[in-house]
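Single-structure report; data block below.
Number of protein chains: 4
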Amino acid sequence: MSGNSIGRSFVFTSFGESHGPAIGGVVDGCPPGLALAEADLQHDLDRRRPGQSRHTTQRREADAVRILSGVFEGRTTGAPIGLLIENQDQRSKDYSEIAAKFRPGHADYTYAMKYGFRDYRGGGRSSARETAVRVAAGGIAKVCLRALAGVRVRGFLSRLGPIATSAPDAAGFDWAQVDQNPFFCPDASRLPELEDYMDALRKSGDSVGAEVTVIAEGVPPGLGEPVFDRLDADIAHALMGINAVKGVEIGAGFGAVAQKGTEHRDEITPDGFLSNSAGGVLGGISTGQHVVARLALKPTSSIRLPGRTVGLDGAATEVVTKGRHDPCVGIRATPIAEAMLAIVLADHLLRHRGQNTHVTPPLAPIPSGRG
Amino acid sequence: MSGNSIGRSFVFTSFGESHGPAIGGVVDGCPPGLALAEADLQHDLDRRRPGQSRHTTQRREADAVRILSGVFEGRTTGAPIGLLIENQDQRSKDYSEIAAKFRPGHADYTYAMKYGFRDYRGGGRSSARETAVRVAAGGIAKVCLRALAGVRVRGFLSRLGPIATSAPDAAGFDWAQVDQNPFFCPDASRLPELEDYMDALRKSGDSVGAEVTVIAEGVPPGLGEPVFDRLDADIAHALMGINAVKGVEIGAGFGAVAQKGTEHRDEITPDGFLSNSAGGVLGGISTGQHVVARLALKPTSSIRLPGRTVGLDGAATEVVTKGRHDPCVGIRATPIAEAMLAIVLADHLLRHRGQNTHVTPPLAPIPSGRG
Amino acid sequence: MSGNSIGRSFVFTSFGESHGPAIGGVVDGCPPGLALAEADLQHDLDRRRPGQSRHTTQRREADAVRILSGVFEGRTTGAPIGLLIENQDQRSKDYSEIAAKFRPGHADYTYAMKYGFRDYRGGGRSSARETAVRVAAGGIAKVCLRALAGVRVRGFLSRLGPIATSAPDAAGFDWAQVDQNPFFCPDASRLPELEDYMDALRKSGDSVGAEVTVIAEGVPPGLGEPVFDRLDADIAHALMGINAVKGVEIGAGFGAVAQKGTEHRDEITPDGFLSNSAGGVLGGISTGQHVVARLALKPTSSIRLPGRTVGLDGAATEVVTKGRHDPCVGIRATPIAEAMLAIVLADHLLRHRGQNTHVTPPLAPIPSGRG
Amino acid sequence: MSGNSIGRSFVFTSFGESHGPAIGGVVDGCPPGLALAEADLQHDLDRRRPGQSRHTTQRREADAVRILSGVFEGRTTGAPIGLLIENQDQRSKDYSEIAAKFRPGHADYTYAMKYGFRDYRGGGRSSARETAVRVAAGGIAKVCLRALAGVRVRGFLSRLGPIATSAPDAAGFDWAQVDQNPFFCPDASRLPELEDYMDALRKSGDSVGAEVTVIAEGVPPGLGEPVFDRLDADIAHALMGINAVKGVEIGAGFGAVAQKGTEHRDEITPDGFLSNSAGGVLGGISTGQHVVARLALKPTSSIRLPGRTVGLDGAATEVVTKGRHDPCVGIRATPIAEAMLAIVLADHLLRHRGQNTHVTPPLAPIPSGRG
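Chains as they are written, first to last, in the working numbering: chain A, 1277 to 1647; chain B, 1277 to 1647; chain C, 1277 to 1647; chain D, 1277 to 1647.
Written as structure tokens, this is what we have:
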């Protein structure tokens, strides 16, 4: 298995470049008999799709996904599911500048050093466009999780640069709000502040980072394999594998550094866990509480303000990004993070069934208590 | 490959429980012809070994590693390297309490729910004892990295609970100090404060979290495989796979959330990169700069202060930890984190050679500039 | 990695059903910088294509492959290569009979028992149609092998039912003949006999088995990984993974059972090996001699002569195949076998480079001597 | 995963050389709760053990296996199972001749070319000694298969050089006989002929090939993953991965080449399949019939009769094997082949459960009919 596949039992393989004819992928190992149609995947694809507000890039793509195989009479067959999304908006653009220079903060230099040359059109394989197929595959994982275990995966933008939006236990937090604004913000009262911030940022020509929180509810206890493929380790792998991510936390995360043991450990009563510092994972295995992860996204490196760099010839030069770009890539990252979390959970659900189907646990699951 | 193996080309498989006869592992895929002896691995094992100061658990283990295969006349042969560490200090202890209750913050409950029962002696497979073999395998990875690419991997304790120790660009930072105190602290002037803090903590019966920083120098550009097995994603997987870790950052990490693009992007000049917000990885591929990662470790859950929990019978009860435990597991985590980072880098070095041996990059590597 | 992928470093993933919209696949891990165009793959696809003589099924497919990614300006980029072949000849046929009965010798029953139901249109995923994508992926492997190591992979029909066609050391054997007749027969003088046999067979309504021989020339010594992923073990896996294959041999194969050691062992002189009973593999590693493998293909189970079976209701019934079918599936198997052998060799070439790039062997390779 | 591991869900990793301190391995992914003790594995190890009759090598090894982990209070825990067998009979022998020459038919030359040098003591990693650990791991797989699915795996010597011993449907065939003679021959009346043949062979200084048949009874329908990891393809991989194997057949095997479709296809009635040409596998998935495989083993290359070869210096020389060697390696191969078949079946049993646990097949399994 090379680097463009993820998972062991529920395996997703991705292909495609920003400006090639199409992007696509294959989901292998999906259980048979699940109701699945293209429309089930399109909803999340539309949530990720650019050009839906003035706060994201204006590239226009229908992002219509086709299922090419593995579904028969509306149900998965157990055979691999081929996915295809045609690239439509391949503007005939002059790439001579980007071809000759390495944009700071981008993968231009590293691809060139690894492979000797690179497909420079729109970032090629390193473009965020590739994440559209992940969202489609994540949609299949969500169907699988819901049908087999009643798991629900969703997320929201928890920080936009300096602004913390909200948290599940905060007043004003409302899951229903998340899909009703272009920011994936769970608190409608914060929207004016976010819009003002983004308008000023766009005007300045600069970009900013963001933080996304993803939560899985209803995860049964027992998912995750010690000692390397822990559930949290595989979540970290999947989320750090999203473009622009620089950090991943589970539960208390970096906050645990300054915590005392009495504070961090989640005490247990017959009515459930009294807290969830663990983020739903102990010893690499799910506890049955909500699985909670956060990811830090760096500011877009493609900005209108000039930056120093070198060319293919090694000589000093300057680069300025023109054209369509997200001033905050984190804004559209929520559906992508959900997709990656769903893929990891679906994979571990199947892995767990493979090894432990006949196992009788020693007691009924502890109620999840405080998510 | 199941959950107790890590890597694709340089593959490490681990086995063993805290109180079984031995722990051990297998390193497969190591290049042949490298000089290797048990003494090369023992140095890091001794750094990780408990009982070396009053600040860590008093369990006494020689942790002497034996190489059982894969080395002939002092050189690796290309065959798998079998590693074995006998468990010596298996105190005949009364485990009846731990057998009947789920310790909060521990893997007791999750192992029981996953597997139906568990080896409760000293935490069994979930014990930090298992990490000794990782350190041995990491020692082989370090030998491999040094011989094939001149890479050096090292780390230090960057935070102990509320106390930030030092950072590579801080006054007083000294790599040579790290191995001369029980805290892996790089600044000797901070030791009194750390000792006072730990003495008070131990007296209180509580525990605390910590943060470790690991750095790899000399990493050639080009390591890492887009899009899922990015170098940073695999580092996140490996570090989050260490017991008690709740968060992982690369480069600017969570600090990138509040950064502007002009601030974060690492500009390039013919003399090198002007900064290293990227932490040595762009688009999932190494840049040639220092690879910099940080990990957050939660406070030990085994503390002397009583905590609420339930028993195997589901009834409410209380648990108090007696005996030998680290009040801050993060203190001994530095060699473990180095080992995991080294394993990931060795794996990607071999993966890169496999695909890209004949490739000629378009220019000489950019100097690494600011680490 | 689930069952629809093959390889570790050069990884091919396949998807698609006989009567879905398309079949396709992804080749991941291909080295960058190789000249590659769709035409390079089309040649072998045309060799495998049905309907080119009266001796194979009359289903008509253009089998035109599209490369969707991983190639830029005529060269591979190192990114995954997406492949797509549209299904054209999806006759609107009445599948009610095949839907309700299990055809003997087919995968109908086993798919139904494994997955609970099946895509019964034309065999669905178990159709030989899927092998078209393998041939395309094998074409990429051939390009890779030729460019990186000068390896050439080719094959021929060595037996058609009771008729042995020819062997590389036989009088009349001519590689150039293989592609000039519909049987992949290397000896033109045997064609009348083959045609007569097939005409009589077709008339009888029955089918027959076949044997194909594949040979790789120029394989460098050193490919293959002891002890499980031996080169010959991976070849056996790949060839036994072709539809209808029931046996695989390397070198002397089953003939070795009755051989003496003095007869079998390939003695060595400074001018090369004196024989090739080993089929180019010793201890699981290539010797530098020709790699020689043979595969046994069973007779097509879809025949016009009625056979007993049961229906979905478990009741006894009878099945008769109407319509288009190959009376000898082995006839078109040569390009498929070449493709699978090429995929295994390309994978092991990259795996070997990954582990052993810097190795200096103790002597210059022994000449390959007698292939 | 590198070449010394096999399986995806039930994963076995092997290490060790013929004359190192120990050989061993790790079984990962074994379901928890299975009764397992060292004695369960020792039986097959004793069957494989050399030196038990005059017809096999006189090397004396106790081959006592130790379970180092993964078992607690007599049951598997779900954690990896570490296995260790000390090497005892490491005669201090003069290896200077074997160190300087490449023995024909051995892996000496290929290891040297792959890795640059080799552990020449007794064949090092390529020695059949390594298969002892496979037999131990296969013993765990047998326990798993029996407990979870009632599967039984056993085998016998079906050919010794020119002598066909017996077949399951032959008069005189008796499973109970197999373990009561040194040949694994199922027909006691054939023993004098076998003994005479072997005595003459040993006297001549030459060696001979053999064929082993392995059969799994009670395999549930549904195991195996199309299209590459078919059950038969994975069996071929596992059996071809045994030292000295040159061919593998399933069911009718190479006999299928000359069969007609009417003859080969296994017709089905409500009382079961009417034959088993398929060898229990259709479309890569088990049918519920007996899984039947045969493997061809080449004659031992280590013989007392001199053979031509070259030395490390490339110059012509001669080699004569002195000392302890099996004149027919196939004789002791039966337990090894059983182990490899059991490992593949256990792996596919777990893989199948992972993907298809909730699936309801359309009808009750067809009786297996004629094995």
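Note that the Cβ used here is the ideal one computed from N, Cα and C, for glycine as well.
For A/F1549 and A/G1301, the gap between their C-alpha atoms comes out near 40 Å. Secondary structure at A/E1337: coil, using DSSP grouped into helix, strand and coil. In chain order, A1425 place their CB closer than 6 Å to the CB of B/P1496, counting only its own chain and leaving out the 5 sequence neighbours on each side.
Annotated three-state conformation of B/K1377 is strand, per DSSP. The alpha-carbon of A/Q1631 is positioned some 8 Å away from that of D/G1354.
Note that the region 1500 to 1512 of chain A touches the region 1550 to 1565 of chain A; at least 3 beta-carbon pairs, one per stretch, sit closer than 8 Å. C/V1521 and B/T1585 have their alpha carbons spaced roughly 59 Å apart. Among the bridge pairs identified by DSSP, B/S1562 is matched with B/V1557. Looking from the CA of B/C1420, the closest CA among B/P1643, B/V1287 and B/P1638 belongs to B/V1287. Taking C-beta atoms as the reference points, B/T1610 and B/G1431 count as a pair closer than 9 Å.
Contact between A/A1376 and A/L1588 holds, with the beta-carbon distance rounding to 5 Å and staying under 8 Å.
In summary, A/G1599 is exposed, with fewer than 16 beta-carbon neighbours lying within 10 Å of its beta-carbon over all protein chains present. Remark: C-beta atoms of D/V1303 and D/I1361 do not approach each other more closely than 9 Å. Between A/F1393 and B/I1544, the CB-CB gap reaches or exceeds 9 Å. In the same chain as D/Q1364, and ignoring 5 residues on each side of it, the C-beta atoms closer than 7 Å to its own belong to E1337 and A1338, in chain order. At the C-beta level, C/G1292 and A/P1356 come within 9 Å of one another. Against chain C, a Cβ distance below 7 Å from B/T1633 picks out R1629 and T1633. Burial is judged here by how many other beta carbons sit within 10 angstroms of a residue's own beta carbon; A/R1627 has at least 16 and is buried.
Neighbourhood of D/E1614 in chain B, by CB distance below 9 Å: empty, with the nearest CB roughly 23 Å away.
Annotation: C/D1450 to C/D1463 spans about 6 Å, alpha carbon to alpha carbon.
Given a length threshold of 3 residues, each whole run of the beta strand (DSSP E) inside the region 1453 to 1537 of chain C is given here in chain order: 1486 to 1493 and 1521 to 1526. The residue from C/A1613, C/Y1391 and C/T1333 with its alpha-carbon nearest to that of D/P1637 is C/Y1391. Two segments are said to touch when three or more pairs of C-beta atoms, one from each, lie closer than 8 Å; by this definition the region 1398 to 1408 of chain C does not touch the region 1470 to 1483 of chain C. Listed along the chain, the chain D residues whose CB falls inside 9 Å of the CB of C/N1280 are E1501, P1502, V1503, F1504 and D1505. In this structure, C/F1504 sits away from D/E1525, with a CB-CB distance that is not shorter than 9 Å.
For the pair of segments examined, the region 1322 to 1330 of chain D was found to touch the region 1604 to 1622 of chain D: the number of CB pairs separated by less than 8 Å reaches three. Counting every other CB atom within 10 Å of its CB across the protein chains shown gives D/V1596 a total below 16, marking it as exposed. Nearest Cα to A/M1516 within the set A/G1398, A/A1613 and A/L1625: A/A1613. Using a CB distance below 8 Å, no part of the region 1427 to 1442 of chain B faces chain C. Closest in C-alpha terms to B/S1294, from the list D/V1620, D/V1347 and D/H1319, comes D/V1347. Taking 9 Å as the CB threshold, A/L1550 lines the interface with chain B. Inter-residue distance for B/P1297 and A/T1333 is about 60 Å (C-alpha atoms, whole angstroms). Among the CB atoms of chain B, one or more fall inside 9 Å of the CB of C/L1424. In the DSSP assignment, B/F1291 forms a beta bridge with B/G1300. Within chain C, not a single residue places a beta-carbon under 9 Å from that of A/V1411; the smallest gap is close to 17 Å.
The contact set of C/K1390 on chain A, defined by CB atoms closer than 9 Å, consists of P1308 and G1354 in chain order.
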